[in-house]
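Visitor: One structure, pasted below without further comment.
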Amino acid sequence: MKTLFKKLLVPHHLEYLALDKNFLIQEISLKVQRFADCPEEVVAGKDVRIPFPELVGTEEILIDIFEKRLPNFELKAMTRLLENGSQLYFDMYIVEFTNDDNYQRLIIFFQDVSDRMALEQTLVQATNEMDILLSTLAATNNYVEKIITSMAEVLLVTTASGKIKKVNQAAQDLFGYSESELVGQQIDALAAFGSSLQAVSQEEPQQLQTNAEVICTAKSGEKLTVSFSCTAISTDIKGFSGSGRAVQDFVYIGRDVTDRQRARKRQITQYVTTRILSASETIKKAIAAILPVICDSLGWDTAELWMPESGEKLLSETTRITGVSDPNLLRCVASWTKRSVSIPKFAEFTEQMTCAFGEGLPGFVWASGSSQWIADVTKSDSCLRREIAAEEGLHGAFGFPISGDYDPENSAKSVLGVMIFFSREVQCFDEELLQIMATIGSQLGQFIKRKQAEIALRESEEQLRDLFENATDLIQSIGADGHFLYVNRAWRETLGYSEAEIAQMTVFDIIHPNSSPESMDILYQAITQKTVNENTLYPASIEIIFITKNHEKILLEGSISCKFSAGFLVAIRAILRDITARKMAEDALGKSVSLLLATFDSTADGILAIDRNGKIVTFNRQFVEMWGIPNEVMALRDDATLNAFLLNQLKDPQAFQERRELLYEQPEAESYDLLEFQDGRFFERYSQPQRLGDKIIGRVWSYQDITERKQAEDALREEQEKSEKLLLNILPKAIAERLKQNETTIAEYFPEVTVLFADIVGFTALSAVMNPIELVDLLNKIFSGFDVLCEQHGLEKIKTIGDAYMAVGGLPEPRADHADAIAQIALDMQAEIARFNAKNNKFFSIRIGIHSGPVVAGVIGIKKFIYDLWGDTVNIASRMESQGLPWRIQVSETTYKFLENKYLFQERGMIEVKGKGVMKTYILIGRKSGSSSVISHLADD
């Protein structure tokens, strides 16, 4: 054994076996048995496959090595389980060896690789564990990434300095940026001007989890309100400072609360607006408070109120009549701008401009009556101020109408004004905001209408109070018990009583018993007897005598009325005028004036006199009665009020008004026109200036009711039209006109006409067996059709004789195509009879005769006028019919010559004509081709 060992120079860490060709062990090393499965079998002369079963099946390989066909063979990582439970790992190397004596052996080397295998297994296990960790980490990262991607909230990861490291899809969708656009940018790039996102991360550590709402700007420029929470996370990367603390990243989780914030702001805006309207005393104060509230609450920079020129009157809180140059122009009557916004050019231009109906944003809102939105006015052609807006930095805008009452004429609410708002930012369309603003516009409209009514009422009361106090008439109001409730200054000064004395008196203390019975009766009935009610009629004018403090008698004239509340008398009002001096003068002139007044009041015409200013001077009773004017309207003595009452009754009030205004512009003009009422009445209106010397002091209008006369004229005209129509049914129009000129005898010679006779064949025999009324009805239907044909062809029907029909062409107005027209109607008559038969299931036939020549036509006699023809032409035409054939149109040779170039004829030949002898006649078939397609459908019958 040592001999082979020495020759092979086997390393000490190797053991070996030497085999012969039969795989028998020849030599072994000292410790080779420890590698054997059966150590006791490792003995010289034993088969090596017994202790080393791994070699079973490798015999051919071993032989190839022995015979040097293979250089060597290896078996790796063989395993033996040792007695102590540990495992032995070894490698086997098989080679061929030949000594100096050419003695061959197979040498199997054994190497203990247990330590190496243990190390390899440890490395493999560590590698597998690492792979598992990496796979788990990748799965975790993928899971987290999916969570981040599917988050509805915005996620932003930044460094401690605020640089964005990561964003999720929700952030990209909300802000409109891609991930590549956001990563690497400062987080404050998303914040709007004046806001900061990084400030959220700089809160105290215990506060970092709280929500902070930040105004952000999307890529589109839209402002978004996002509620952010921020959390610091450690990155396990040590900082470069001496502290050695780990660097922190910040995770921002944000939720879009824009809609919620907008809804809250809109609710606040609507609530505050409602509070302002309920608390504001005037329209001006309400507008001044509402404009900044809307801007501050909703984030707009400047606001404007546009109204027609009448809107300035509303803001100035007065209802007095002001001159309006153009009511169809809008003006900016109020505005407000944030202090931080400077737009001097825009404001100056706005103050000077006006907007017509449908012009610019204010005019368009006004015309449409609906809210409008412009995302960027600098890009809108409809914005009149876009250039100045661009220069001043204004972009977004919207407007809404201030809605008034429903206008039935336009089937929509009236627009009292328009509110316009501008922003320095481009603003995306916000339908919900427009709906809220429309509601606010309706509230503003109701508020303005209410305040307008209050102002009108207050001014009316003030005007009446001023009017009463400054009136020269004596005005008094008496309670139901007769005590004075109110007297004006003229009353106190005229009668001389103090207010204290008046408070203690009743009306009966100062009224003289010689006062007019009417005035005494009404006072006694109202105060003493309590019999006056709302239906009581009051005298139009009363005369009453009061006793002054100095015991003087004053004659007063005026009107009296009673006021009721819930059916009870609360006041007796009287407007009186001191007519003491006037009465004396009137008594002197009474006799002469009474005649004039009697005439004035008794005339059938209604008379109204006005002065140069359009104020009523006087009118008569007939005027009031014929127009049906209430006493209270006439008591106002106001031409405008009266005119409005008159206009409501007229069918064409505009023409009435235009004529009236024209006469005011031309005071010297006189006029006459006819007025038509909606109820069918008619008035004649005369007008002429009223002069005092050479000076025109007013105008007198005179109205006369001509309704009955107009109705009589209309009835007469209608009867005349009926008579005219009846006459035209009997006579030609030209003849009828001559008869109306009182011509007694009308007879004219016509050198060339064409006469037609048509006869219903068999009609005479039918009359013997048919009811006369039914017979006439049939004949009427047939001849009515012929009448229509005469009208269509411009021919003159002369008469009907029994069942014969006579017509002529060429008179009373001559025409060159008289024969052509008669031929055409003859063909149409055949077609008409055929249609009549088919419709009524009859079998009538027609026989027609035509002749052309001279005739005399005219009207003779003095009763039962008829336009008739005389002459040989008429006789021959009659013979052409009577000696014709059913369903044939027989014409004379004369007529044939007129028509031979246009119509088709069949020569009948020579026939005996009674009274004329033998005559050549023709049968009319139809028009030739090229002239017309009309051919008698009975030509071959």
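Going by our numbering, the sequence shown opens with residue 192, and the numbers climb by one from there. Don't be surprised by glycine CBs; every beta carbon is placed ideally from N, CA and C.
Report back the beta-carbon spacing between VAL448 and GLU404 to the nearest angstrom; my notes put them in contact at under 8 Å.
Guide: As a first step, residue 448 is located in the sequence shown; it is residue number 257 there, counting from the start. As a first step, residue 404 is located in the sequence shown; it is residue number 213 there, counting from the start. At roughly 7 Å, the Cβ-Cβ gap stays under 8 Å, so VAL448 and GLU404 are in contact.
Visitor: Starting from the N-terminal side, write out each stretch of the beta strand (DSSP E) that is 3 residues or longer and does not extend beyond the segment 548-624.
Guide: Fully enclosed beta strand (DSSP E) runs of 3 or longer: 563-565, 588-598 and 603-613.
Visitor: Quick check on this structure: which residue in ALA959, ALA949 and GLU372 has the alpha carbon closest to the alpha carbon of ILE989?
Guide: As a first step, residue 989 is located in the sequence shown; it is residue number 798 there, counting from the start. Ranking the options by Cα distance to ILE989, first place goes to ALA949.
Visitor: Could you work out which residue in THR685, THR719 and ALA779 is closest to ILE736 when comparing CA atoms only?
Guide: One-based indexing of the sequence shown puts residue 736 at position 545. Among THR685, THR719 and ALA779, the Cα nearest to that of ILE736 belongs to THR685.
Visitor: Is it buried or exposed for ILE323, if we count other Cβ within 10 angstroms and need 16 for buried?
Guide: What you label residue 323 is simply residue 132 of the sequence shown in a count that begins at 1. Label assigned to ILE323: exposed.
Visitor: Would you mind giving the Cβ-Cβ distance between ASP994 and THR955, rounded to the nearest angstrom? I have them listed as a contact below 8 Å.
Guide: Translated into the one-based positions of the sequence shown, residue 994 becomes position 803. Translated into the one-based positions of the sequence shown, residue 955 becomes position 764. Confirmed, about 6 Å.
Visitor: Can you say whether LEU210 is buried or exposed, counting buried as having 16 or more other CB atoms within 10 angstroms of its CB?
Guide: Here residue 210 is taken as the residue at index 19 of the sequence shown, counted from 1. Answer is buried; the Cβ neighbour count reaches 16.
Visitor: Could you spell out the range, first to last residue, of the alpha helix (DSSP H) harbouring LYS744?
Guide: By 1-based counting over the sequence shown, the position of residue 744 is 553. Unbroken run through LYS744 is the beta strand (DSSP E), 744-756; no alpha helix (DSSP H).
Visitor: If you scan the segment 298-372 from start to end, which runs of the alpha helix (DSSP H) of 4 or more residues do you find wholly inside it?
Guide: The qualifying runs are 305-341 and 360-366.
Visitor: Just verifying my parser: in three-state terms, what is the DSSP assignment at THR790?
Guide: Here residue 790 refers to the residue found at position 599 when the sequence shown is read from its first residue. DSSP places THR790 in helix when its eight states are reduced to three.
Visitor: For LEU1147, which residues in the same chain have their Cβ closer than 7 Å to its Cβ, ignoring the five residues on either side in sequence?
Guide: Given a span of 192 to 1132 for the chain in the structure shown, any question on residue 1147 remains unanswerable.
Visitor: Distance, Cα to Cα, SER878 vs PHE847?
Guide: Here residue 878 corresponds to residue number 687 of the sequence shown, with the count starting at 1. Here residue 847 corresponds to residue number 656 of the sequence shown, with the count starting at 1. Whole-angstrom Cα-Cα distance: 13 Å.
Visitor: If I follow the unbroken alpha helix (DSSP H) through ILE216, where does it start and stop?
Guide: Mapped onto the sequence shown, residue 216 falls at position 25. Where ILE216 is concerned, there is no enclosing alpha helix (DSSP H), although the beta strand (DSSP E) it sits in stretches over 216-219.
Visitor: Check ARG271 in the structure and name its three-state DSSP category.
Guide: Locating residue 271 in the sequence shown gives position 80, where the first residue counts as 1. Three-state result, ARG271: strand.
Visitor: Just how far apart, CA to CA, sit TYR855 and GLN845?
Guide: Taking the sequence shown and counting its residues from 1, one reaches residue 855 at position 664. Taking the sequence shown and counting its residues from 1, one reaches residue 845 at position 654. Those two C-alpha atoms are separated by around 15 Å.
Visitor: Report yes if the CB atom of GLU875 is closer than 8 Å to the CB atom of GLN895, and no otherwise.
Guide: Taking the sequence shown and counting its residues from 1, one reaches residue 875 at position 684. Taking the sequence shown and counting its residues from 1, one reaches residue 895 at position 704. Going by C-beta atoms, GLU875 is nearer than 8 Å to GLN895.
Visitor: According to DSSP, what are the bridge partners of THR545?
Guide: Against the sequence shown, residue 545 aligns to sequence position 354. Partner(s): ARG522.
Visitor: Less than 8 Å between the beta carbons of GLY1001 and GLU943, yes or no?
Guide: In the sequence shown, counting from the first residue as 1, residue 1001 sits at position 810. In the sequence shown, counting from the first residue as 1, residue 943 sits at position 752. Yes, Cβ-Cβ distance for GLY1001 and GLU943 is below 8 Å.
Visitor: Could you work out which residue in ALA309, ASP292, ASN290 and LYS259 is closest to ALA268 when comparing CA atoms only?
Guide: If you number the sequence shown from 1, residue 268 lands on position 77. Measuring from the Cα of ALA268, the nearest candidate turns out to be ALA309.
Visitor: Taking Cβ positions, are VAL524 and GLY490 nearer each other than 8 Å?
Guide: Taking the sequence shown and counting its residues from 1, one reaches residue 524 at position 333. Taking the sequence shown and counting its residues from 1, one reaches residue 490 at position 299. For VAL524 and GLY490, no; Cβs fall outside 8 Å.
Visitor: Could you check if PRO242 is buried or exposed, using at least 16 other CB atoms within 10 Å of its CB as the buried criterion?
Guide: The count along the sequence shown starts at 1 and reaches residue 242 at position 51. It is buried - the Cβ of PRO242 has at least 16 other Cβ atoms within 10 Å.
Visitor: Helix, strand or coil for GLU1004 per DSSP?
Guide: In the sequence shown, residue 1004 corresponds to position 813, counting from 1. Three-state result, GLU1004: coil.
Visitor: Would you call LEU788 buried or exposed, if buried means 16 or more other Cβ atoms sit within 10 Å of its Cβ?
Guide: As a working note, residue 788 is residue 597 in the sequence shown. Exposed, by the Cβ-count rule.
Visitor: Is PRO1077 helix, strand or coil by DSSP?
Guide: Locating residue 1077 in the sequence shown gives position 886, counting from the first residue. Coil, per DSSP.
Visitor: For a minimum of 4 consecutive residues, which ranges assigned as the alpha helix (DSSP H) are wholly contained in the segment 687-717?
Guide: DSSP runs (the alpha helix (DSSP H)) wholly in the segment 687-717: 690-695 and 708-714.
Visitor: Just the Cα atoms here: how many angstroms apart are GLU336 and VAL374?
Guide: Counting from one through the sequence shown, the residue named residue 336 turns up at place 145. Counting from one through the sequence shown, the residue named residue 374 turns up at place 183. Taking the straight line from one Cα to the other gives about 16 Å.
Visitor: How should THR513 be labelled, buried or exposed, when 16 other C-beta atoms within 10 angstroms of its C-beta is the threshold for buried?
Guide: Position 322 of the sequence shown holds residue 513. Confidence at THR513 is low in this model, with a pLDDT of 44, below 50, so its placement is unreliable and the value that follows should be read with caution. Exposed, because fewer than 16 other Cβ atoms sit within 10 Å of the Cβ of THR513.
Visitor: Quick check on this structure: which residue in THR771, THR991, VAL417 and ASN519 has the alpha carbon closest to the alpha carbon of SER387?
Guide: What you label residue 387 is simply residue 196 of the sequence shown in a count that begins at 1. The shortest Cα separation from SER387 among THR771, THR991, VAL417 and ASN519 belongs to VAL417.
Visitor: PRO242 by DSSP, collapsed to three states: which one?
Guide: Within the sequence shown, residue 242 is the residue found at index 51, counting from 1. Here PRO242 sits in coil by DSSP.
Visitor: Skipping 5 residues on each side, what residues in its chain have a beta carbon closer than 6 Å to that of ARG271?
Guide: Residue numbering aside, residue 271 sits at position 80 when the sequence shown is read from its first letter. Result list for ARG271: LEU279, in chain order.
Visitor: Please determine, among GLY1106, TRP1078, LEU246 and LYS1105, the residue with the shortest C-alpha to C-alpha distance to ILE1114.
Guide: Here residue 1114 refers to the residue found at position 923 of the sequence shown. Ranking GLY1106, TRP1078, LEU246 and LYS1105 by Cα distance to ILE1114 puts TRP1078 first.
Visitor: Is the number of C-beta pairs between the segment 661-681 and the segment 764-781 that are closer than 8 Å three or more?
Guide: As far as the Cβ criterion goes, the segment 661-681 touches the segment 764-781, which means the pair count is three or higher.
Visitor: Return the Cβ separation of THR809 and ALA800 in integer angstroms, given the expectation that the two are a contact with Cβ distance under 8 Å.
Guide: The sequence position of residue 809 within the sequence shown is 618, counting from 1. The sequence position of residue 800 within the sequence shown is 609, counting from 1. Yes, they are in contact, since the Cβ atoms of THR809 and ALA800 sit about 5 Å apart, within 8 Å.
Visitor: With distances taken Cα to Cα, identify the nearest neighbour of GLN1021 among ARG1006, HIS1009, VAL1047 and LEU980.
Guide: For this step, residue 1021 is matched to residue 830 along the sequence shown. Nearest C-alpha to GLN1021: LEU980.
Visitor: Does the beta-carbon of GLU987 have 16 or more other beta-carbons within 10 angstroms, so that it is buried, or is it exposed?
Guide: Translated into positions along the sequence shown, residue 987 becomes position 796. GLU987 should be labelled buried.
Visitor: Buried or exposed: which applies to PRO483, given that a residue is buried once 16 or more other Cβ atoms fall within 10 Å of its Cβ?
Guide: Within the sequence shown, numbered from 1, the residue matching residue 483 stands at position 292. By the 10 Å Cβ count, PRO483 comes out exposed.
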